[in-house]
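One structure below.
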Amino acid sequence: MPEQILHVTDASFEGDVLRSAQPVLLEFWAPWCGPCKMIAPLLDEVAKDYGDKLKVAKIDVDQHPATPAKFGVRGIPTLIIFKNGVVALTKVGALSKAQITALVDSHV
Numbered sequence: 022m023p024e025q026i027l028h029v030t031d032a033s034f035e036g037d038v039l040r041s042a043q044p045v046l047l048e049f050w051a052p053w054c055g056p057c058k059m060i061a062p063l064l065d066e067v068a069k070d071y072g073d074k075l076k077v078a079k080i081d082v083d084q085h086p087a088t089p090a091k092f093g094v095r096g097i098p099t100l101i102i103f104k105n106g107v108v109a110l111t112k113v114g115a116l117s118k119a120q121i122t123a124l125v126d127s128h129v
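Positions in the sequence shown are counted from 1; adding 21 to them yields this note's numbering.
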């Protein structure tokens, strides 16, 4: 996993995501999820493209089930943009890089 992508756990979620100084694009994913594997390289590119303007993070829903339950995540991949500790946007399903950057651009 590239160092641009932050791995979040149930324990680190509040500090890593809710208290982040910059907006956070968080992917709820699992290793067995095909669409999650499809968008993984796109998220790597987005993390590189936005640098310090955006934090890109992932949380494994199988290993850390409490956080997805809090946000009503029922399907993966689910992308949520958090801004100032609040959910700014939620999208479910695999997206193209253009779709991801359009979502991010409206919140960065």
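Where a beta carbon is used, it is the ideal one built from N, C-alpha and C, also for glycine.
Which of helix, strand or coil DSSP assigns to residue i
i: T88; result: helix
i: D83; result: coil
i: I121; result: helix
i: L116; result: coil
Under 7 Å between C-beta atoms of residue i and residue j
i: K91; j: Q25; result: no
i: I60; j: P98; result: yes
i: S41; j: K74; result: no
i: I102; j: P56; result: no
Buried versus exposed, by CB contacts within 10 Å (16 or more), residue i
i: T88; result: buried
i: L100; result: buried
i: P23; result: At P23, the pLDDT of 47 sits below 50, so the modelled position is not reliable; the number obtained from the coordinates is stated separately. It is exposed - the Cβ of P23 has fewer than 16 other Cβ atoms within 10 Å.
Enclosing beta strand (DSSP E) for residue i [first to last residue]
i: I60; result: I60 -> not in any beta strand (DSSP E); alpha helix (DSSP H) instead, spanning G55 to Y71.
Run of the alpha helix (DSSP H) containing residue i, from where it starts to where it stops
i: K74; result: Element bounds for K74: n/a, residue is neither H nor E.
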